[in-house]
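The next block holds one structure in the form of structure tokens; read it before the comments.
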Amino acid sequence: IIFRSADDLDSGKDPYVEKFEKADIKCQVIPVLNFEFINLNELKSKLSKSEQYSGIIFSSPRCVQALSMATDDISKWKNHRIFVIGEKTAKIVETELGLQTEGSFSGNAKVLADYVLKQNITKPILLPHGNLGRDVLSKTLTDGGFKVDQIIVYKTLADPNIESNIKEAFDKRSVRYILYFSPSAVDITFPIFTKLGINLNNIKWAAIGPTTENELLKHSVQVPIVAESPTPEHFAIALERCL
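Position in the sequence shown (first residue = 1) + 12 = our numbering.
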């Protein structure tokens, strides 16, 4: 089972499913998260004051979408530093906003924060994020002497059909692996496992990165599969090693 956010499934064939199927790994994708955008007027106001910032950090595609919804003119930011976590977010920023990015090699907040700390930055960095953000970015940068202007631009919600979809998946087949792409998905699904009385003893757990891995470890499970980088290729390699 692959737990993904609903917006990750809107653009046709899931790239992770495609990669797994090529490796002869059968899988089912269950939407687990939805998102509601908030504070867009406040974000628009901040974006209009680009001269006050050194740059922006985009930690997820949702943050990019929020910015797109908040303003039609991003030209003032073309000469700013645009930092991103992961290749997927970088691609969306570059194609939808036309901004050049850096830091896409980073697979998680800590790696990107360490990269940003090495840069010559004097003004605050704008950091749009979700309501369930883990504060790794902001804390690491603040502890390093950087000024960070945070704004919550979306709320994370459970998919309304998540419980029935989980029940159906376990009723119909023997589930051997469960793959997670976010800590929020872990938080939402484990209470459902308990409520439905699902036996998890024989499950092997997989995480897209260390932040999600740490959230799984809080539930006292072993996590033998962790992708070295948040890409379909790296996740497939990590999974194949445990088959």
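Even glycine gets a Cβ: it sits at the ideal position worked out from N, Cα and C. All figures in this text were calculated on a predicted structure; none of them were measured in a lab.
Inside the stretch 13 to 67, DSSP marks whole alpha helix (DSSP H) runs of 4 or more residues at positions 27 to 34, 52 to 59, from first to last along the chain. Closest by C-alpha distance to Tyr127, out of Pro136, Phe117, Lys135, Thr134, is Phe117. Per DSSP, Pro140 lies in no alpha helix (DSSP H); the unbroken beta strand (DSSP E) holding it starts and ends at 137 to 142. Along the length of the stretch 208 to 232, whole beta strand (DSSP E) runs at least 3 residues long occupy 216 to 219, reported in chain order.
Ser232 and Thr134 have their C-alpha atoms spaced approximately 42 Å apart. By the 16-neighbour rule on beta-carbons within 10 angstroms, Ser87 is exposed. In the DSSP assignment, Ala82 falls outside any beta strand (DSSP E) and lies within the alpha helix (DSSP H) extending over 73 to 82. In this chain, the alpha helix (DSSP H) harbouring Asp126 covers 121 to 129.
Nearest C-alpha to Thr101 among His92, Met81, Ser71: Ser71. Between Asn46 and Ala170, the CB-CB gap stays under 9 Å.
Annotated as proximal: Arg74 and Phe49, with beta-carbon spacing under 9 Å. Only residues of its own chain outside the window of five on either side were considered, and among them Gly98, Gly119, Ile220, Gly221 have a CB closer than 7 Å to the CB of Pro242, listed in chain order.
In the DSSP annotation of this structure, Phe95 is not part of any alpha helix (DSSP H); the continuous beta strand (DSSP E) holding it starts and ends at 93 to 96.
It is roughly 31 Å from the alpha-carbon of Asn91 to the alpha-carbon of Thr168.
Judged by DSSP secondary structure, Lys167 falls within the beta strand (DSSP E) whose first and last residues are 160 to 170. Between the stretch 150 to 162 and the stretch 178 to 195 there are fewer than three C-beta pairs closer than 8 Å, too few to call the two in contact.
Secondary structure note for Leu251: its alpha helix (DSSP H) is the uninterrupted segment 244 to 254. The continuous alpha helix (DSSP H) containing Leu153 extends over residues 148 to 155.
For Val148, the CB contacts under 6 Å within the same chain, skipping 5 residues up- and downstream, are Ala121, Lys122 in chain order. The C-beta of Arg16 has 16 or more other C-beta atoms within 10 Å across all chains shown, which makes the residue buried.
Distance check between Val41 and each of Ala197, Asn53, Thr83, Asp85 places Ala197 closest, using alpha-carbon atoms only. According to the DSSP assignment, Ile190 belongs to the beta strand (DSSP E) that extends over 189 to 192. Out of Asn211, Pro27, Pro195, Gln162, the CA that lies nearest to the CA of Ser186 is found in Asn211.
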